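Protein chains: 2
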Amino acid sequence: MQNNLVDQPEVLGLRERKKRARREALIDATHRLVGEHGLDAVTVDAICEEAGVSVRTFFNYFETKDDAALGHTPWQLGSAAAETFAAGGPTGLLMADLQALVVSFLTDPPIGRERLARAMELAAKEPRLVARHMAWFEQHKGQLSALVERRLGQDGPHSPEMVGSVLLFLTHATFLRWDAAGGHGAADEHLSAVVTELRSILSD
Amino acid sequence: MQNNLVDQPEVLGLRERKKRARREALIDATHRLVGEHGLDAVTVDAICEEAGVSVRTFFNYFETKDDAALGHTPWQLGSAAAETFAAGGPTGLLMADLQALVVSFLTDPPIGRERLARAMELAAKEPRLVARHMAWFEQHKGQLSALVERRLGQDGPHSPEMVGSVLLFLTHATFLRWDAAGGHGAADEHLSAVVTELRSILSD
DNA sequence: TGCAACTTTGCAGTGAACGCACTTTTGTGT
DNA sequence: ACACAAAAGTGCGTTCACTGCAAAGTTGCA
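Structure (structure tokens):
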């Protein structure tokens, strides 16, 4: 149940390895400096100096400074879990399968748990980052809707956009709950709690 | 059921009227130019020239250029509907009262329906605006959580953050549905449809 | 080894956004 | 009608995020 891109070779070429190393170096440099001085007091120049890279290169990797702090990586929906979902699995029940998908997102994030945790730590202190993160979510809603549409068809009982939004909502809410618990506990337990509470609110 | 600030006098002073006129002039100028040339091709300078105002003044009104396009206005939760909600009304049933609150938000938006519609029209073509709009929502989640907490207390069965998130979700989803329908139909009907579909998805 | 594809980098430029000090406008009390 | 305080508008200078372009360096492959 891994969340990687499709067709990923077992061993990466030098080029690809260097790219990843640089991206991580930039993220780590950003985390170090921002953690110490705050987001606004750190310039892109400073980050690049810390990471030993030119400014121009920085912007080859990240669209914005904030993206580096969040570790936002160009993302394509393409995990095995997504394919399973589109094909109608794993259980065949929509809600259960949505939950499986959410768990797969959270269990295997694109930048690793530690970096993710550090990014969220910063985001808690820098509201702008939360906003940017929501924006990033929003940009990928189209992909989620498309995925849902592959599963349900256009003639399904639910609108793909709505289901996509729910998917996003559950992911975000679960993540917040997990983070509020200090990063402890399994993703699927937090998700279950979220779903239960959501149902309860809606039926009050 | 109006969505105004508390303590708003019946007749506004010259100062306040001018301020509103300027803000609206800036929004309208932004809409005109952006509608014609696109968001990135329009500079703040150009907007200010169109509106007959200095650039520095522009930034006294809006934090960013994008905010002007969206008509984002400094916002304080303070409508009569919000007070009613906090006090446990109007029906006493949580979900019904949440819906009443959403309807009050959508029925009486801070910048008027036409401008709101134009802003959304632009946002449909400029993804960045959608992102910024989400960010704006996010910034006000704290206020919503606080409102919910006033109603439920900390010892209630639901976490205020969760209920606040639901409130936001419903508002946003209803708005999208309303917009997709070309701005036709009553807010509460769209909201009901959204709630119904949400319940249906969750119980699948 | 050499060529093609990809990456990095420097440079110069654009334009958003802010701090500050100064002028103009508005509200108010006399 | 006038003066004075508070608020709003404005010009200037600065910082810095971000971009396009073309040159130089790296890597993959035959």
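Read top to bottom, the protein sequences are chains A and B. If you number the first sequence the way the numbering used here does, the last residue is 318 and the count never jumps. If you number the second sequence the way the numbering used here does, the last residue is 318 and the count never jumps. By construction, the Cβ of each residue, glycine as well, lies at the ideal position given by its N, Cα and C atoms. Keep in mind it's a predicted model, so treat the numbers as computed, not measured.
Where the alpha helix (DSSP H) through residue i begins and ends
i              : result
A245 (chain A) : P241 to L266
A214 (chain B) : L208 to T221
I161 (chain A) : V158 to A165
A194 (chain A) : A194 to A200
Proximal residues of chain B, C-beta to C-beta of residue i below 9 Å
i              : result
I161 (chain A) : Chain B residues near I161 (chain A): none, gap ~22 Å exceeds 9 Å.
M319 (chain A) : Residue 319 (chain A) lies beyond the residue range present for chain A, which begins at 115 and ends at 318; the question has no answer from this structure.
Beta-carbon neighbours of residue i, restricted to chain A and to distances below 9 Å
i              : result
H272 (chain B) : E311, S314, I315 and D318
Secondary structure of residue i, DSSP reduced to three states
i              : result
E177 (chain B) : coil
I315 (chain A) : helix
P123 (chain B) : Here the model assigns P123 (chain B) a pLDDT of 40, short of 50, so the residue's position is not dependable and the matter cannot be decided.
D142 (chain B) : helix
S279 (chain B) : helix
L147 (chain A) : helix
L191 (chain B) : coil
T205 (chain B) : coil
L153 (chain B) : coil
P274 (chain A) : helix
G226 (chain B) : coil
R131 (chain B) : helix
Within chain B, partners of residue i - CB distance below 7 Å
i              : result
E263 (chain A) : Those within 7 Å of E263 (chain A) in chain B number zero; the least Cβ separation is about 14 Å.
Proximal residues of chain A, C-beta to C-beta of residue i below 7 Å
i              : result
P241 (chain B) : Q253
A201 (chain B) : Within chain A, no residue comes near A201 (chain B); the closest Cβ sits about 17 Å away, beyond 7 Å.
Per-residue contacts from residue i into chain B (C-beta, under 8 Å)
i              : result
M209 (chain A) : I315, L316, S317 and D318
V277 (chain A) : I315
A287 (chain A) : M276 and S279
Chain-ordered chain A contacts of residue i [CB-CB under 8 Å]
i              : result
F283 (chain B) : S279 and F283
Any non-hydrogen atom of the ligand ZN closer than 8 Å to residue i Cβ
i              : result
I141 (chain A) : Ligands in the displayed structure: none, and consequently the ligand ZN is not present.
Along the chain, which unbroken stretches of the alpha helix (DSSP H) at least 4 residues long are found entirely within the region 284 to 315 of chain B? The alpha helix (DSSP H) runs lying completely inside the region 284 to 315 of chain B and spanning 4 residues or more number zero.
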